[in-house]
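Numbering (my numbering), first residue to last: 25 to 516.
Heads up, the beta-carbon is just placed ideally off N, CA and C, and yes, glycines get one too.
A quick note: this is a predicted structure, and the numbers were derived from the prediction, not measured.
Below: one structure, written as structure tokens.
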């Protein structure tokens with residue numbers, strides 16, 4: 025049988041290739057291990073530098089503040105006004121500092137931070153021990169992550185050798201997820217904290233930085249890990265391996281190709297020709313064979329006899345698919361476009377508002393909203409009829425479409441209430457657009473039997489907003505425009 029002959033040839037080829045592959049693999053493994061050790065050493069030095077630089081901001085602040093004459097005077101004579109003006113933690117957060125503390129030579133004086141636990145910790149420090157500290161880590165019992173702090177003697181600005189201190193200035197950071205995220209970006213590595221030295225996969229670059237307390241005891245480790253990426257070194261080894269394997273592969277495949285061409289490829293080519301041209305003449309000579317070629321030939325012959333029926337079915341299916349696509353497009357247009365005003369529908373608002381909200385906050389891009397309401401619209405409907413009301417809505421929608429940009433989303437929310445989403449637009453720009461629309465609407469109905477005006481509200485997304493609070497604020501702005509006399513724009 026053809027299958028047995030092909031299998032025998034491939035088994036012989038496989039055995040030879042396996043012996044060659046084993047030798048080449050051992051060579052590549054040795055080179056990869058050597059490269060990994062070099063990369064691991066470089067990685068450790070790089071991560072150590074990044075970790076030290078991350079703490080440098082706190083060190084610089086502590087050093088400069090401790091020589092500040094105003095702090096020197098405060099330490100000797102504590103003053104509440106100075107604490108509020110210069111020692112409030114809000115002044116230090118931009119430097120990555122989570123807590124500050126001041127001590128005189130005998131007692132605790134002041135502390136501020138973003139966590140009551142750290143304040144209790146600072147009040148419990150022994151002042152006598154502070155003079156022997158400079159850069160420390162600690163892991164208080166109630167904390168899941170370590171704290172890091174710097175201690176500097178408080179001296180006059182002229183006492184750069186710090187020979188006559190009046191107290192101590194402490195600044196520090198309470199590590200949390202944001203710190204690990206920042207270190208992860210800086211080092212392009214995964215960063216975790218553990219109290220014990222972790223077990224790391226030998227195939228991963230890793231560096232464990234020990235964190236020591238004032239007693240020089242390791243309280244935990246900052247663990248940096250990254251994938252091994254020394255590609256340049258590996259490429260050379262891989263190229264050599266590929267070239268050698270290619271040469272061996274070509275030799276064996278030349279033999280296999282000659283064998284398959286005579287016993288398999290030529291019959292297959294004729295079968296393929298018959299399939300492409302829809303004829304069974306070239307297949308007939310193989311249908312009597314007792315091997316796989318004969319079985320395939322008989323199957324193809326049966327297929328060709330049914331292909332015409334299949335082609336008819338496919339044409340009918342394509343026609344139905346085209347009709348379905350057209351129907352889907354018509355439904356989408358009905359959902360997205362208001363037929364009366366030409367504005368977008370609430371369907372578009374529901375599908376776009378969350379995307380615009382998330383992308384604007386993530387990319388720090390402005391997003392402004394304009395909401396408008398036609399003044400006394402119910403009175404227009406009651407006095408002049410719904411046909412006139414529809415005409416007013418249509419003409420107001422036309423004015424809005426002419427005075428907004430392609431990137432804006434003018435949406436009819438329902439009735440006479442219209443909302444315009446303005447991506448990448450500051451508050452002043454949105455106000456200018458709102459005022460232009462208000463004036464154009466007033467001009468559109470000048471001299472008409474109905475004097476139509478609109479009241480508008482404008483607001484801009486800020487970092488603390490939810491979608492609900494943003495919509496409520498712009499709605500409140502419209503309400504204020506109505507309350508203050510209508511036909512005006514209010515900014516909140």
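Worksheet item: Looking at residue 367 and residue 424, is the spacing between their C-beta atoms short of 8 Å?
Response: Residue 424 sits at position 400 when you count from the first residue of the chain shown. Residue 367 sits at position 343 when you count from the first residue of the chain shown. In contact: residue 424 and residue 367 (Cβ atoms closer than 8 Å).
Worksheet entry | For residue 112, the three-state DSSP class (helix, strand or coil) | Counting from 1 along the chain shown, the entry for residue 112 is found at position 88. In the structure shown, residue 112 sits in coil (DSSP, three-state: anything other than H, G, I, E or B).
Item to complete: Flag this pair as yes or no: are the beta carbons of residue 193 and residue 176 separated by less than 8 Å?
Response: On the chain shown, residue 193 is found 169 positions in, with the first residue counted as 1. On the chain shown, residue 176 is found 152 positions in, with the first residue counted as 1. For residue 193 and residue 176, yes; Cβs fall inside 8 Å.
Worksheet item: Does the Cβ-Cβ distance between residue 124 and residue 195 come in under 8 Å?
Response: By 1-based counting over the chain shown, the position of residue 124 is 100. By 1-based counting over the chain shown, the position of residue 195 is 171. Result yes, Cβ atoms of residue 124 and residue 195 sit closer than 8 Å.
Worksheet item: Which residue's Cα is closest to the Cα of residue 364: 384, 412 and 451?
Response: Counted from its first residue, the chain shown places residue 364 at position 340. Residue 364 has its Cα closest to that of 412, out of 384, 412 and 451.
Worksheet entry | residue 209 to residue 117 span [Cα, whole Å] | Position 185 of the chain shown, counting from 1, holds the residue named residue 209. Position 93 of the chain shown, counting from 1, holds the residue named residue 117. When rounded, the distance between both Cα atoms is 19 Å.
Item to complete: Determine, using beta carbons only, whether residue 280 and residue 320 come nearer to each other than 8 Å.
Response: Here residue 280 corresponds to residue number 256 of the chain shown, with the count starting at 1. Here residue 320 corresponds to residue number 296 of the chain shown, with the count starting at 1. No, Cβ-Cβ distance for residue 280 and residue 320 is not below 8 Å.
Worksheet item: What number of angstroms, rounded off, separates the C-alpha of residue 361 from the C-alpha of residue 436?
Response: Mapped onto the chain shown, residue 361 falls at position 337. Mapped onto the chain shown, residue 436 falls at position 412. Residue 361 and residue 436 have their C-alpha atoms roughly 9 Å apart.
Discussion item. Can you tell me where the alpha helix (DSSP H) holding residue 300 begins and where it ends?
Written reply: Position 276 of the chain shown, counted from the first residue, corresponds to residue 300. 290 to 301 is the extent of the alpha helix (DSSP H) around residue 300.
Worksheet item: Between 250, 90 and 304, which lies nearest to residue 182 when the distance is taken from Cα to Cα?
Response: To locate residue 182, count along the chain shown from 1; it is residue 158. Residue 90 is the option with its Cα nearest to residue 182.
Worksheet entry | Whether residue 302 touches residue 322 by CB criterion (8 Å) | On the chain shown, residue 302 is found 278 positions in, with the first residue counted as 1. On the chain shown, residue 322 is found 298 positions in, with the first residue counted as 1. Going by C-beta atoms, residue 302 is not nearer than 8 Å to residue 322.
Discussion item. Can you look up residue 47 in the DSSP assignment and give me helix, strand or coil?
Written reply: The residue given as residue 47 occupies position 23 in the chain shown. Looking at residue 47 - three-state DSSP - the assignment turns out to be helix.
Discussion item. Please return the same chain residues whose Cβ sits closer than 7 Å to the Cβ of residue 67, not counting the five positions on each side in sequence.
Written reply: By 1-based counting over the chain shown, the position of residue 67 is 43. 229, 231 and 250, listed in sequence order.
Discussion item. Quick check on residue 484: buried or exposed, where buried means 16 or more other Cβ atoms within 10 Å of its Cβ?
Written reply: Within the chain shown, numbered from 1, the residue matching residue 484 stands at position 460. When all chains shown are included, residue 484 counts as buried.
Fill in: Helix, strand or coil at residue 216 according to DSSP, with G and I counted as helix
As a first step, residue 216 must be located in the chain shown, where it is residue number 192. Assignment of residue 216 by DSSP, reduced to helix, strand and coil, places it in the strand class.
Worksheet item: Helix, strand or coil for residue 58 per DSSP?
Response: For this step, residue 58 is matched to residue 34 along the chain shown. In the structure shown, residue 58 sits in a helix (DSSP, three-state: H, G or I).
Worksheet entry | For residue 157, three-class secondary structure by DSSP | In the chain shown, residue 157 corresponds to position 133, counting from 1. Coil, per DSSP.
Worksheet entry | Range of the contiguous alpha helix (DSSP H) that encloses residue 136 | Taking the chain shown and counting its residues from 1, the one referred to as residue 136 is at position 112. Not the alpha helix (DSSP H): residue 136 falls in the beta strand (DSSP E), residues 132 to 137.
Practice prompt. Report buried or exposed for residue 170, applying the criterion of at least 16 other Cβ atoms within 10 angstroms of its Cβ.
Written response: The residue given as residue 170 occupies position 146 in the chain shown. Around the beta-carbon of residue 170, 16 or more other beta-carbon atoms lie within 10 Å, marking it buried.
Worksheet item: Going along the chain, which residues of its own chain have a beta-carbon closer than 8 Å to the beta-carbon of residue 243, five neighbours each way excluded?
Response: One-based indexing of the chain shown puts residue 243 at position 219. Taken in chain order, the residues that qualify are 161, 162, 163, 170, 219, 235, 236 and 237.
Worksheet item: Below 8 Å, can you find three or more Cβ-Cβ pairs linking the segment 413 to 422 to the segment 496 to 506?
Response: no
Worksheet item: Which value, in whole angstroms, describes the spacing of the CA atoms of residue 104 and residue 180?
Response: The residue given as residue 104 occupies position 80 in the chain shown. The residue given as residue 180 occupies position 156 in the chain shown. Their backbone Cα atoms lie some 21 Å apart in a straight line.
Worksheet item: Roughly how many angstroms lie between the CA atoms of residue 442 and residue 458, to the nearest whole one?
Response: Here residue 442 corresponds to residue number 418 of the chain shown, with the count starting at 1. Here residue 458 corresponds to residue number 434 of the chain shown, with the count starting at 1. One C-alpha to the other measures close to 12 Å.
Fill in: Ordered list of beta strand (DSSP E) runs contained in the segment 417 to 450, each at least 3 residues
Fully contained in the segment 417 to 450 are the following beta strand (DSSP E) runs of length 3 or more, in chain order: 433 to 438 and 441 to 447.
Worksheet item: Out of curiosity, what's the CA-to-CA distance linking residue 402 and residue 409?
Response: On the chain shown, position 378 is the one that residue 402 refers to. On the chain shown, position 385 is the one that residue 409 refers to. Their Cα atoms are separated by approximately 10 Å.
Worksheet item: For residue 149, which three-state DSSP category applies?
Response: Locating residue 149 in the chain shown gives position 125, counting from the first residue. Three-state result, residue 149: coil.
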